[in-house]
Every structure is written in C-alpha cells, then in structure tokens.
Amino acid sequence: MLSLRYAILAGTAAVSALGPVQAYGQSQASATVADEGSAETTTDASIVVTARKRAETIKDVPAAVTAITGDTLAERGLNSVREAAVLSPGLNINSDGAGRAFVAIRGVGVTLVQSVQPGVGLFVDGIYRPNTAYLNNPLVDVERIEVLRGPQGTLYGKNTLGGAINVITRQPGNDLAVRASASYAGPDNQFIAAGSISSPLVQDLLSVRIAASHQQQDGFARNTLLNKHGNPLNSDSINGTLRFTPGAAELTVNGYYDWIDSVNIPYSRVSGPQAYSRDLTFNTLNQVKYKYRGINAKLAVPIDVLSSKLTLIGAWDARSATNVESDVDFGPGDFARAKGGDELRTKTVEMRLDSDISSTLSTLVGVFYSREEADGVDATTLFPAFTGLPFAVVRNTVNSTRADTYAAFGTVFWKPTSDWEVALGLRYDHENRVANGSVVTVLGPLGSTGGALPAARIKSDEWQPKLTVKRNWSSSLMTYASVARGYRGGGFNAPTAPTRTYRGDSAWTYELGAKYAAPDGSSGVSGAVFYNDYKDYIGLNSIAPAAGGGLVTVDLNTGNVESYGLELEGFVRPLPAWSIRGGLTLMHARLTDSSAYTQTTGRRLASDRLTFQPDWSANLATDYTIDLGKDQVVLGANLTGKGKRLAATLNQTTPTTLDGYWLVGASATYRTGPIEVSAFVSNLFNKGYWESYIERTTLQLAGLPASDLGIMGDARRYGVRASMKF
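Just so we're aligned: the sequence shown equals residues -23 to -1, 1 to 703 in mature numbering (1 follows the signal peptide of the UniProt record, and there is no 0).
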C-alpha cells in the first residue's frame, strides 16, 4: 500500500525454470553453465544454475527453481525483473512508480512499502540489493534470472523468507562477442537500444565486457491538469566486467551505473475498481530522479590440499533519490506538496569454503557481514499557494538509519548412495539497527515545534535451518522433500506512533516436489506442493492514533498467515519445430489471526486476504519455427493471467477486490545469420487491469478529499525489434 507518511504534517493527519528440466528459451543444442561468474558451453539439455551456491543442472536441484534466459527476455521484450515475473510461478510483483515495487512469493515476504525491508531477496551476480526498487531497473546483458521459491535464508541470509531472485549477467571469456538491439513501439513512443561487447585482452588470462542501454517512453497516463504525459520514463544504464584467470584462480570485478528519470505514485482518482482511467489530476508531475551505482569483486581460489574452493566477495552499492516535487494530496486541490531525497549505501563482504570431504560427503560453510546506511530529508508544505507568507506551514523531516548484520552459515551434503542426497543447513544472523532523525514543523509567525527524535534500536538473533532429502528414481525422474525457516528484519515508525518499532516476520515452509525430463529432451515437467506457516506478518501500513492527537501512519505486524498451494511448470515439443511451455500457481493465502493489527490501530480488516496476492496465476507460450533453408521465421504467442486480488484498503466492513485478467501477446521473427527482425504486440486485446489500487478509506482517514486511487497496467503496445549477435 502507498506509504502516506510523506503527505501529512504533524497535528493534522498522516498521510503499497522453468524449473524442471529446461529454462525458458533454452535451446536443445546447448546451455549455459555459470558458476556465479564463469561461463562455458555444454551439450546437456538442462541449464545450469547456482541456486545452492554451486553449479548444478536445474533438474538436479531439489528446490522449486525457475530460470529465464537472456534470450527469452529479449524475445518477449521483458526489460526488468518486475516484467519477467510473469514467467515464474508463485512470483508476484506490482509497482506504483519507478522507486517502489511490491513483491511476494507464494504470498510470503509481502513488501508493500519502501520503509519495510524486502521479504524476497534480490541478488545481482551474487550481491544483495537491499531495496525492492531494483526490481524496476533495466536488465542489461543478462545471462539468466533464477527465481528460487521458499525460504532461502540458510545460504542467502535474512530477508529471503519468501524466496530469492538471482540475476546473472553475461561474463567475458576467450571469444569475441558482440550484441546489439533496438526496438520501437507505440502508441507511447517506447524506444529501447542496447549493446554489449565482450573480448579477451590476453588469451586465457584477462577478458573484459561492457554493456549499455537506453530506454524512454511517454507512458499511457495523461495529466489532464498540466496537459502532459503522466507516467514517462527515461533511463540509461551501463555495466561492465573485468575477468582475470591466472591459473586455476579467478578474479571477477563488476561495476554498474543506472540513471532513472521517471515519476512516482501516478494514481488516477476513480469511483471504483471497474472505473478504469488513465487520467491524472496532480498539480505536479511527481518527478523523481534515481542513481544506482556499485562495484563488486569476487575471488575464487582452489585449495587442492583440502579439495576445496575458497570464494571471497566484497561489494559497495549506493542508491540516491531526488524527489523533485510531489503532489501528495493525490488530487486537483493543491493542499500538500513535498520535496526531498534519500541516499542508501550498502557494503557487504562474504567468505565461503566449498569442500569435498569424500565421495559421499561435502560441505559449504561461510561468514557474511553487511552495513546499510540510509539518510533521507523531506520538506512537506501545507497549502503551497501560501508559501512565503507568514502563516505558511512546513514540516521538515530528517531520517537516518544504520544497520549491521553478521552471519555464519553452513550446509552439509551427504550422498549415502548415488540415488539419495540429504542436505542439512543452518545459518545464524545477528542484526543491529539504529534510527535517528528529527521532525521540525514551522508554523509561520508562531515559530516552530518539534526537534530531534529519540534514538530507536532493534537487535535480533535468528536461526534459519533447512533440511532437504532428494531421491533420484532414474536419470529422468527426481523427487524431494524440504523444510526450511526464513525471517525478515523489523523496522521503525515515527515517535508519535503507538509502536515505535515492529518485529521482523518469519515463515516455516514445508514442500514436496518432483521433476521429470524425457530422455530425448522433448518434454519436461516439475511440480511442488507447499505449506507456509507465516508469523508476525508485516502487512500493509495503516493509520493509528498519534501521541498528542491526530493520526500517524504505521508499519506493523498485522498477524499470522497460512499459505498453501500447488505449482506446475513444464514444456513439450510436439514437433521439432514447435515448442509449448507454461506455468501455473494455485494458492490459498489468508490471515488466520489479525488481532495484532487491531491492538495497534484500534481498527479491523474487512478481509482475511493479503493485499495484491491472487489465488491463481498462469503463463503459456508457444513458438513455431518455419525453416527457409539458411533463414527462419518464428511465430510466437503468449498468454499470462492473474486471478482476483485484494486492493490496498483500510475499510473495516467492505473489501475492494480487483478483477482477474488475461493478457495476450504475439510476435513474428525473421532470422538470417546473426540478425533478427521482429514485429510484436503486447496486451493484444487492450485489456484494462490495475497495477496498483488504494481504496478511499485511506484518504478519508488522512483528512484528504476522498477517492479511490488506481494505476492501470500498460495498454496495447505494438512495434518492431531488431537485434544482432556474433
């Protein structure tokens, strides 16, 4: 749900692989092997992933994993992790602006506001990104995306109780590789250009890769007050890799820089969830500018005497945001505006040792440390038309948060026979978070009130175990059972909130799964059934009585959740030229106890459903290749859908439900040598659906002119795309 704390001044009110055998887009002839940095070719039909911090074929990983190749991202025109989420069962991502994304896996780890730590972890080349906004960022020269469902804390740490998303960029090697692509689509003038070059500098010793992209679009919303585009996007990205391979050791250095110029909260004021509209009535464009940059290095060294490999990782990442000016009353009345910005800096180091003790026993152990520093400023003005006059009211807020996390982890892999494997892992995390800041409200000639905030602290010590048992029935069939616990760290509310801090939430997940691959590679299927016991769920932020009067927004532990369901995904080749692949999730995620919400806010929830979480989602894609001798024509079609979802709502009696929807896409591609040219269309039937939605009770409680607020998903887009690679 949209965080409203930016909009209200004190004393008034406070103002959201294809797991089984083969990855999406993976050819029968080859696959890509990646050990979080190295890439080589294999003739095996299965893609190799690093879900367990080791290189394994996806059909052998005893977990629910989907891998989406970079080629599939390009063929489907998917430019961010948020857009690619439709290809992974159980993964649900929505957004209400360039700076925020709402993410959950299997209804667990729901993250609806920026101030709450992620419940699904995002990792790029093995480096943790601590903010969900990264899910909106452009994907540049990506080898694949791995989506790991279920708690991953044993190997990946806190904030992965729902799962983890690994983005792996292409790595340079001994061969020259050049890629370039461009596309144009309407009617919103979307233009995307990208390119990369990878080359050896010294054969077998030093190689380099550099990639860049540019994207711009007008968007489909229109600000009718200002007569301007309401949801434009302009982004530039660059990243690069330097790979040094002296002997058996390997040193990889990665760097990136993203510039994002877009808008936040482009909500339309509507009368209900069937009143679709793209008209905005803000007094400003709500423009925001983001800069993301970082550098990381990984050294992998074999220790032959111990039959081990030592891996050292160090990283620095930063995100800075500038809120040019926001209309935070969400309507044509000019009641409140805000300016400000924030800076998030993260340093991480990790050391792990992967050892073969014997032919049947191996271990993976390590230690981890991270330091997060966040600083933000916000100036919110009531009745901005009076700015500069003696009775102007301005609230100035400064926030500062520091967080240190220490962890030690280990997993033992035991294979008593070639058909059985038992993996037992455990991780200990210690987190120490401190919040400081100030709130000063200037009341014109009456002077100012407020001052420094009292420091708030959170300390937590958490254990995250995982046990997995795998059985290989044949070279084609594998089954597994697992039980795991994950947790997410807590956070801070305003000093006037009834609860200054809130606890982290946690989940125990029980899972049974199976994976089958036909020996001839013509088909494959994987499935899993799961049950999540989700405690202290950090739900949608709410409004509660503030100390000293008025209201204040709070993040809080809403209660306990039960989530269970079924996931299926698979592919089949009825003919050598024809492929069909898809996935399905059936899920029941419900609050079983919301008394914690009532105790904090004095209010009740109208529904036991979780915000934006559908009971079903599905995707289906098919491709048919027409051989023209040296050339090919590929005809493709795809279908994605979601079931009904609960909108963000604080209504105590009547829930607001968003309709389910299906989206259809199609493409026709001509291939000749290294060149491809495609014509494509997405949302072919121009289906209206909501990307985000806030029911009017939130504005009513904040003392603002009430209306439902909605952001529609993209309309029909059609265009052409060309690419080249050699």
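All C-beta atoms in this analysis are idealised placements derived from N, C-alpha and C, irrespective of residue type, glycine included. All of these numbers come straight from a predicted model, not from anything done at the bench.
Extent of the continuous alpha helix (DSSP H) run through E544: It is not in any alpha helix (DSSP H) - E544 instead sits in the beta strand (DSSP E) that spans 534 to 552.
Figure out for me which residue from W440, I515, T486, A429 has the closest Cα to the Cα of T473. The closest CA to that of T473, considering only W440, I515, T486, A429, is found on A429.
Please determine, among G232, F259, F307, L89, the residue with the shortest C-alpha to C-alpha distance to V101. G232
Roughly how many angstroms separate the alpha carbons of V87 and G650, rounded to a whole number? 45 Å
Would you call the CB atoms of S160 and L112 closer than 8 Å? No, these two residues do not count as a Cβ contact at 8 Å.
Within this structure, are the beta carbons of L597 and L616 separated by less than 8 Å? yes
Would you give the residue range spanned by the alpha helix (DSSP H) that R53 belongs to? It spans 47 to 53 - the alpha helix (DSSP H) in which R53 sits, taken as one unbroken run.
How would you write the range of the beta strand (DSSP E) that Y493 sits in, first residue to last? 483 to 494
Relative to the C-alpha of S259, which residue among D331, I142, S245, S655 is closest? Note that residue 259 is Phe in the sequence shown here, rather than Ser. If we check each option's Cα against that of F259, S245 comes out closest.
Within its chain, find whatever has a CB closer than 7 Å to the CB of G542; leave out the 5 residues flanking it on each side and keep chain order. R83, F507, T562, L563, M564, H565
Beta carbon of N373, beta carbon of A362: below 8 Å? no
Where does S336 land, buried or exposed, given buried means 16+ other C-beta within 10 angstroms? exposed
DSSP three-state label for V697, please. Assigned with DSSP and collapsed to three states, V697 falls in strand.
I need the DSSP call for Q677, collapsed to helix, strand or coil. Here Q677 sits in helix by DSSP.
Is D381 near the ligand FMN, in the sense that its beta carbon is under 7 Å from a heavy atom of that ligand? With respect to small molecules bound, the structure shown includes none, and the ligand FMN cannot be examined in it.
Rounded to whole angstroms, what's the CA-CA distance from E668 to V93? Just pull it up for me. E668 and V93 have their C-alpha atoms some 20 Å from each other.
Between G318 and the rest of its own chain, which residues show a CB-CB distance below 8 Å, the 5 nearest in sequence each way excluded? S297, A298, T299, N300, G353, V354
Among the candidates L568, V344, G427, whose CA atom is the shortest distance from the CA of H407? V344
Identify whether Y111 lies in helix, strand or coil by the three-state DSSP scheme. helix
Between N663, G134, D636, which has its C-alpha nearest E327's C-alpha? G134
What's the gap between the Cα of S15 and the Cα of G150? The predicted model places S15 with a pLDDT of 35, which falls under 50 and marks its position as unreliable; any figure quoted below should be read in that light. Near 8 Å, if we compare the C-alpha coordinates of G150 and S15.
Residue interval of the beta strand (DSSP E) (run including A159): 154 to 163
Can you give the Cα-Cα distance for T588 and N518, rounded to whole angstroms? 11 Å
Near F168, which residues of its chain fall below 6 Å by C-beta distance, leaving aside the five closest residues on each side in sequence? Y161, Q193
Identify the residues that DSSP records as bridge partners of T626: which are they? In DSSP, T626 forms no bridge with anything.
On the three-state DSSP scale, how would you describe G466? G466: coil per DSSP, three-state reduction.
Compute the beta-carbon to beta-carbon distance between L125 and G140, rounded to the nearest angstrom, for a pair I have assumed lies under 8 Å. 5 Å
For F657 and A81, what's the separation of their Cα atoms in angstroms? 29 Å
Within 8 Å, do at least three Cβ pairs link the stretch 67 to 80 to the stretch 234 to 242? yes
Minimum C-alpha distance to T394 - residue among E488, P442, K447: Nearest Cα to T394 within the set E488, P442, K447: K447.
Can you find the residues in the same chain that come closer than 6 Å, C-beta to C-beta, to P279, ignoring five residues on each side of it along the sequence? A225, K286
Mind pulling the alpha helix (DSSP H) runs of 4 or more residues that sit fully within the stretch 643 to 688? 674 to 678
Per DSSP, what are the beta-bridge partners of N273 in this structure? N231, A292
Validate contact between the stretch 626 to 641 and the stretch 575 to 584 using beta carbons, cut 8 Å, 3 pairs: yes
Going straight from the alpha carbon of R329 to that of W440, what length do you get? Roughly 18 Å separates the two Cα atoms.
Look at the Cβ atom of E546, then the Cβ atom of G560, and state whether they are nearer than 8 Å. yes
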